[in-house]
DNA sequence: TGGGCAGTGATTGTATGCAACGTACAGGGT
DNA sequence: ACCCTGTACGTTGCATACAATCACTGCCCA
C-alpha cells in the first residue's frame, strides 16, 4: 500500500523537499549538485533528477549552467496563490461531490476525527503536533482531489499546496482557528453526503479563503512585531551556502 | 531575444513534445531511452531529462524500471480539463486586466491581427496554417498569463493547454469558429483596455467554454462518422513501438 | 496439460569521467 | 583611477560504463 521508495532519486527528492519546506535550507541558497551528492551519499545523477523535479514544482529555480537555487518565499504573491487555490479546490470539491464513494467518505470522516482530537488536546503550539495536523489536513484535501478523478489537477495543486503548508508551519495559530477549520471540514462532509456539488464547492472556497485571510493577518502581525528588530539591517551571513 | 536553445536536453524535449503533440508517436507507445538517444544523436542522459519533464506535464507516464509511455488521450476527461481551464484562464484574465502594460496590449493586438489575417485567407483547412494559428493562439493566451504576473499558474496551465492544442489540431473547424474565436479575443482586448477585470474574466471564461463546446461537438460528429469503420475491431498492429 | 521457476536478454537506474560554460580575479592598458 | 581582457577555477551538461530490475522464454515437474 505504501509505495516503498526504492529509487535513490525518489529518496533524494523527498529528503530535499523536506529540507526546503522545513526551512532548514535558507531561501536563495545555491544547491550545488556535487555537495548534495556527497551529503546524501549518492552520485550527481539522482540529485539532478530531484532538482529538476523540484523545479517543476516551483520549489527551486535553475538556470542553465548556473545551477539551482531555493526560491525565495518572500517574493511570492501569497494572496494570488490562495485565490487560485480557492478556485481549484472549489472545482475539485464540486466534482468530488458526485464521485465520492462511501469508503472514501468515511476515510475523510476519520481524518476529521483525528484532526479534531489533535485540536482538543490543545497542544497545537507544539511544532510536532502542528506538523501532524498539517499532514492530516493535506491528506484530507488530497483525498478529495483524488476522489474528484481529475488527474490533471495534480500539477496545478502541487505548487499551490506547498507554499501554504510552509507558511502555516511558520506562523502560530490560535485554537479557534483550528476549530473553525474543523467545522468547515465537517460541513464539507455534510455537503458531500448529500451530494450537493454547489454546496460543497462554496464551502470549500470559503474554507480556503478564510484560511488565506487568517494567514495574511498572521503575517501582518508578525512583520509588525519584528519591525523593531529589523531596524538594524540583517547580517549578511549564510543564505548562500547550504553546507552548514 | 529568442532564447536560443543550446542545451541538448531542451532540444530533445521540444522535439519529443512536438512529435507527441503532432500525433506522430501513437498513444501508448513505449519510449525506450536508448532508441530515442540514437534517434536524436544524443546520449540517454538528456533524453531521460526530457522524459521526466514530459512526465511532469502529463504527456507521458513513467513507471519505475519500466520506462515511459505516451499517455492515451482517449482516456482523458476532456470536459473536465476544459472546465478547469476556463476557471484558470478566467482567473488569469482577471489579474491581467490590472497589470497589462501598453506594450503588452499592443503585442496582443498584433497577435490578433495575425490570427485574423490567417482566418481571412480562408485556408485554415491546411494543416500548416492551422498549426500557425494554434501557435499564435497559444502565444496570445500565454502572453496574458505572463502579464498576470502569477508564476504559480505556469505548472497548472502547462498540462491544461497541451490537450486542447492536440485535440484542436485533430479536428477540423469551420471558418465561423475561428471568426468567433477572433471576436472573443478582440472583446478581451477591449476589456483589458478599459481595465475591467470582471469583464475580462467573464469574456475569457466564456471563450474557453465555447471552444470546449465546439470541440465536444466535433468529437461527437467524428465518432459517429467513424462508427461504421469501427464495426470491425481495429487491427492490433503497431501502437507499441516507436521505431517505425 | 498446466503451472511454476530459473536463466537470459533487454531496459532502466546509478556512478563517474570529460568537455563546455560561467565566474572571479589579477594584470596591463588607456 | 577605471575599464578591459586573459586566465584559472569551479560548476553544470553530456557521454559512457556498470549495476539492478524486469520481462520473456523454455524447461521441469506435478
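Residue numbers (my numbering), protein chains in the order written: chain Y, 1065 to 1308; chain A, 1065 to 1308. All C-beta atoms in this analysis are idealised placements derived from N, C-alpha and C, irrespective of residue type, glycine included.
If you compare alpha carbons, which of Y:1143, Y:1252 and Y:1234 is closest to residue 1263 of chain Y?
-> Y:1252
Residues near residue 1131 of chain A by beta carbon distance below 8 angstroms, same chain, minus five either side = 1094, 1095, 1096 and 1097
Going by DSSP, what residues sit across from residue 1134 of chain A in a beta bridge?
-> A:1124
Sub-8 angstroms separation of residue 1202 of chain Y and residue 1225 of chain Y beta-carbons = yes
Beta-bridge pairing of residue 1094 of chain Y - partner residues as DSSP gives them | Y:1133
To the nearest angstrom, how far is it from the Cα of residue 1192 of chain A to the Cα of residue 1179 of chain A?
-> 14 angstroms
The stretch 1203-1225 of chain A: which residues have C-beta closer than 9 angstroms to a C-beta of chain Y, in chain order?
-> 1212, 1213, 1214, 1215, 1216, 1217, 1218, 1219, 1220, 1221, 1222, 1223 and 1224
Below 8 angstroms between beta carbons is the criterion; list the residues of the stretch 1129-1151 of chain Y that meet it against any residue of chain A, in chain order.
-> 1140, 1141, 1144, 1145, 1147, 1148 and 1151
Can you tell me whether DSSP reads residue 1107 of chain A as helix, strand or coil?
-> coil
Does the beta carbon of residue 1065 of chain Y come closer than 8 angstroms to any beta carbon on chain A?
-> Summary for residue 1065 of chain Y: the model assigns pLDDT 44, below 50, so the residue's position carries little reliability; its value from the coordinates is reported in the next sentence. So no, residue 1065 of chain Y is outside the interface.
Can you give the beta carbon distance from residue 1150 of chain Y to residue 1198 of chain Y, rounded, assuming they're within the 8 angstroms contact cut?
-> Contact doesn't hold; Cβ gap of about 18 angstroms is too wide.
Could you give the DSSP three-state label for residue 1071 of chain A: helix, strand or coil?
-> coil
Grab me the residues of residue 1269 of chain Y's own chain with a C-beta within less than 6 angstroms of its C-beta, minus the 5 sequence neighbours each way, in chain order.
-> 1150 and 1154
Excluding five sequence neighbours on each side, which residues of the same chain lie with their C-beta closer than 7 angstroms to the C-beta of residue 1250 of chain Y?
-> 1176
What does residue 1071 of chain A reach in chain Y if we use C-beta pairs closer than 7 angstroms?
-> 1128
With burial defined as no fewer than 16 other Cβ atoms inside 10 Å of the residue's Cβ, what is the status of residue 1122 of chain Y: buried or exposed?
-> buried
Just the Cα atoms here: how many angstroms apart are residue 1247 of chain A and residue 1271 of chain A?
-> 10 angstroms
Which two residues bound the contiguous alpha helix (DSSP H) that contains residue 1186 of chain A?
-> Per DSSP, residue 1186 of chain A belongs to no alpha helix (DSSP H) and is neither H nor E.
Cβ-based burial, residue 1071 of chain Y [other Cβ within 10 Å; buried from 16] | exposed
Exposed or buried, which one is residue 1124 of chain A when buried takes at least 16 other CB atoms within 10 Å?
-> buried
Please specify which runs of the alpha helix (DSSP H), each continuous and at least 4 residues long, are wholly inside the stretch 1194-1220 of chain A, giving them in chain order.
-> none
So, helix, strand or coil for residue 1259 of chain Y, using DSSP?
-> coil
Leaving out five residues before and five after residue 1230 of chain A in sequence, what residues of the same chain have Cβ atoms less than 6 angstroms from its Cβ?
-> 1085
Less than 8 angstroms separating the beta-carbons of residue 1261 of chain Y and residue 1129 of chain Y?
-> no
Would residue 1304 of chain A count as contacting chain Y if we go by Cβ distances under 8 angstroms?
-> Confidence at residue 1304 of chain A is low in this model, with a pLDDT of 41, below 50, so the placement of that residue is unreliable and no value is reported for it.
Which listed residue (A:1110, A:1205, A:1115 and A:1106) has its alpha carbon closest to that of residue 1020 of chain A | With chain A running from 1065 to 1308 in the structure shown, residue 1020 of chain A is simply not present.
Measure from the C-beta of residue 1113 of chain Y to each C-beta in chain A and report whether the shortest distance is under 8 angstroms.
-> yes
Proximity to residue 1173 of chain A [Cα-Cα], best of A:1287, A:1200 and A:1147 | A:1200
Could you check the C-alpha separation between residue 1210 of chain A and residue 1145 of chain A for me, to the nearest Å?
-> 21 angstroms
Can residue 1081 of chain A and residue 1118 of chain A be called in contact, C-beta distance under 8 angstroms?
-> yes
For chain Y, is any of its Cβ atoms less than 8 angstroms away from the one on residue 1301 of chain A?
-> Residue placement at residue 1301 of chain A is poorly supported in this model, since its pLDDT is 41, which falls under 50; the coordinates are not used for a value here.
Look at the alpha carbon of residue 1279 of chain Y and the alpha carbon of residue 1140 of chain Y, and state the distance between them as a whole number of angstroms.
-> 14 angstroms
Residue 1075 of chain A: contacting residues in chain Y (beta-carbon distance under 8 angstroms) = Ordered by position in chain Y, no residue passes the 8 angstroms Cβ test against residue 1075 of chain A, which lies about 12 angstroms from the chain.
Comparing the CB of residue 1239 of chain Y with every heavy atom of the ligand GDP, is any distance shorter than 7 angstroms?
-> This structure lacks the ligand GDP, and indeed carries no ligand of any kind.
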